[in-house]
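Structure first, then comments.
Residue numbers (UniProt numbering): 1 to 364.
Below, the structure written as structure tokens:
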């Protein structure tokens with residue numbers, strides 16, 4: 001007796017065309033190994049494979065032809081219709097690179113070596129301008145200090161101290177201390193103001209005679225020119241010192257100290273040398289000083305001339321001594337406060353290392 005075959009198993013499998021088949025309903029039984037259409041939300045249909053019953057012993061149905069992916073190869077359980085894009089496919093999704101992705105790329109070794117060499121060269125290079133400022137500070141310091149000391153004696157206060165100090169010689173031709181103070185103040189004012197020679201030429205004594213003769217007025221005009229030039233140069237050099245100090249404070253730690261230290265040494269050498277020459281022969285020193293700045297015959301006067309009576313030799317001796325003492329004391333204090341102690345050198349070295357490190361980083 002012949003057993004009727006299963007029409008589904010014996011018939012050849014056909015590929016399911018989702019475009020023409022009607023959606024499956026609950027009233028249509030699904031045979032084992034057959035494909036059914038499951039409705040989806042978009043209105044289309046996707047083929048769904050019905051798993052065979054393990055207890056029936058029926059043969060495995062043939063696979064439908066089409067672009068169904070292999071579940072073992074791709075790992076996707078649900079097959080998809082031909083021409084439809086896989087929802088889990090991320091090959092076309094744009095991913096923004098991480099901010100640190102470029103840090104993971106190592107540059108060529110040649111670039112690394114070149115930049116390292118540039119950093120080493122930048123650390124070794126010493127800026128030129130700070131050294132120039134230190135030299136200017138050291139050169140300008142002695143002259144500015146000398147001008148300040150000269151300015152100290154060209155004041156009515158110094159006149160008063162000199163005329164009233166014990167041991168100052170009196171005028172043998174009749175000027176009292178008050179007369180000296182009055183006439184001497186006119187001379188100091190003339191040296192500091194912008195008046196012409198008539199400022200002194202128009203002065204008269206109580207008897208009506210001129211206080212200063214033509215030679216004295218001419219010499220004081222020459223003195224005023226020298227004093228004005230010295231004060232002008234001193235002011236310019238003082239401005240240079242201020243600019244140099246500000247620059248070195250910002251760009252070179254310890255540069256101000258080194259510049260003033262060198263300047264104080266130069267000042268001490270200068271003032272000690274001049275002091276030795278003055279003590280060896282004051283008359284010669286005073287005469288040579290006038291020969292440098294004035295023409296011969298324009299600075300010699302008689303004992304009864306007003307300039308000699310107001311400013312005798314003792315006045316100039318005291319003036320030179322005061323200038324030397326002031327310059328020496330200030331230079332010594334500057335030397336003490338700028339002496340390169342171990343602590344100051346360490347501070348400068350640490351600041352220099354930090355500055356070189358910043359330059360190396362900037363150059364790299």
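Idealized CB from N, CA, C, for every residue including glycine.
- Message: To the nearest angstrom, how far is the alpha carbon of residue 334 from that of residue 130?
- Response: On the chain shown, position 334 is the one that residue 334 refers to. On the chain shown, position 130 is the one that residue 130 refers to. Approximately 20 angstroms, taken between the alpha carbons.
- As assigned by DSSP and simplified to three states, the class of residue 49: Taking the first residue of the chain shown as position 1, residue 49 is located at position 49. A caution first: residue 49 carries a pLDDT of 47, below 50, which makes its placement in the model too unreliable to give a value.
- Rounded separation between residue 269 and residue 305 - CA only: In the chain shown, counting from the first residue as 1, residue 269 sits at position 269. In the chain shown, counting from the first residue as 1, residue 305 sits at position 305. One C-alpha to the other measures close to 37 angstroms.
- Less than 8 angstroms between the CB atoms is what I'm expecting for residue 153 and residue 292, so what's the real figure, rounded? For the purposes of this step, residue 153 is identified with residue 153 of the chain shown, where counting begins at 1. For the purposes of this step, residue 292 is identified with residue 292 of the chain shown, where counting begins at 1. In fact, because the Cβ distance is near 19 angstroms, the residues do not count as touching under 8 angstroms.
- Message: I'd like to check one pair, residue 156 with residue 185: are the Cβ atoms closer than 8 angstroms?
- Response: Locating residue 185 in the chain shown gives position 185, where the first residue counts as 1. Locating residue 156 in the chain shown gives position 156, where the first residue counts as 1. For residue 185 and residue 156, yes; Cβs fall inside 8 angstroms.
- Distance, residue 244 Cα to residue 262 Cα: Taking the first residue of the chain shown as position 1, residue 262 is located at position 262. Taking the first residue of the chain shown as position 1, residue 244 is located at position 244. So the two alpha carbons sit approximately 14 angstroms from each other.
- Task: Determine the DSSP secondary structure at residue 170, reduced to helix, strand or coil.
- Result: Counting from one through the chain shown, the residue named residue 170 turns up at place 170. Residue state for residue 170 is assigned as coil, using DSSP reduced to three classes.
- Buried or exposed by the 16-neighbour rule on C-beta atoms within 10 Å, applied to residue 169: Locating residue 169 in the chain shown gives position 169, counting from the first residue. So residue 169 ends up on the exposed side.
- Query: What span of residues does the alpha helix (DSSP H) with residue 137 cover, start to end?
  - Reply: Here residue 137 refers to the residue found at position 137 when the chain shown is read from its first residue. Per DSSP, the unbroken alpha helix (DSSP H) holding residue 137 starts and ends at 128-153.
- Pair every Cβ in the region 185-203 with every Cβ in the region 281-291, then say whether three or more of these pairs are closer than 8 angstroms. The answer is no - the region 281-291 does not touch the region 185-203, with fewer than three Cβ pairs under 8 angstroms.
- In or out: residue 254 buried (at least 16 other Cβ within 10 Å) or exposed? Residue numbering aside, residue 254 sits at position 254 when the chain shown is read from its first letter. Buried, since its Cβ has 16 or more Cβ neighbours within 10 Å.
- Tell me whether residue 321 is buried or exposed, calling it buried when 16 or more other Cβ atoms sit within 10 Å of its Cβ. Here residue 321 corresponds to residue number 321 of the chain shown, with the count starting at 1. So residue 321 ends up on the exposed side.
- Item | Terminal residues of the alpha helix (DSSP H) in which residue 230 lies | Start at 1 with the first residue of the chain shown, and residue 230 comes out as number 230. 214-251 is the span of the alpha helix (DSSP H), which, as asked, contains residue 230.
- Task: Reducing DSSP to helix, strand and coil, say where residue 295 ends up.
- Result: Translated into the one-based positions of the chain shown, residue 295 becomes position 295. Coil, per DSSP.
- Task: Please check the pair residue 142 and residue 266, which I expect to be a contact at CB under 8 angstroms, by giving their CB distance rounded to whole angstroms.
- Result: In the chain shown, the residue the question calls residue 142 occupies position 142. In the chain shown, the residue the question calls residue 266 occupies position 266. The pair is a contact, with the Cβ atoms about 5 angstroms apart (cut-off 8 angstroms).
- Query: Using the rule of at least 16 other Cβ atoms within 10 Å of the residue's Cβ for burial, across every protein chain shown, is residue 134 buried or exposed?
  - Reply: Numbered from 1 along the chain shown, position 134 holds the residue referred to as residue 134. With 16 or more Cβ atoms within 10 Å of its Cβ, residue 134 is classed as buried.
- Using CA coordinates, which residue listed in 161, 242 and 162 is at the minimum distance from residue 136? Taking the chain shown and counting its residues from 1, one reaches residue 136 at position 136. Closest option to residue 136, Cα to Cα, is 242.
- Item | Straight-line Cα distance separating residue 317 from residue 173 | Stepping through the chain shown from its first residue, residue 173 is reached at position 173. Stepping through the chain shown from its first residue, residue 317 is reached at position 317. Looking at the two C-alpha atoms, the distance is approximately 21 angstroms.
- In terms of residues, what are the limits of the alpha helix (DSSP H) holding residue 276? Residue mapping note: residue 276 aligns to position 276 of the chain shown, counting from 1. Unbroken alpha helix (DSSP H) run through residue 276: 255-280.
- Task: Between the Cα of residue 325 and those of 116, 302, 298 and 274, spot the shortest distance and give me the residue it belongs to.
- Result: As a working mapping, residue 325 is identified with position 325 in the chain shown. Looking at the Cα atoms, 274 is the closest of the given residues.
- Message: How far does the alpha helix (DSSP H) with residue 334 in it extend, from its first residue to its last?
- Response: Your numbering for residue 334 matches position 334 in the chain shown. Where residue 334 is concerned, the enclosing alpha helix (DSSP H) stretches over 313-337.
- Task: Under 8 angstroms by Cβ, that's how I've got residue 338 and residue 257 pegged, so tell me the actual separation to the nearest angstrom.
- Result: Within the chain shown, residue 338 is the residue found at index 338, counting from 1. Within the chain shown, residue 257 is the residue found at index 257, counting from 1. Yes, they are in contact, since the Cβ atoms of residue 338 and residue 257 sit about 5 angstroms apart, within 8 angstroms.
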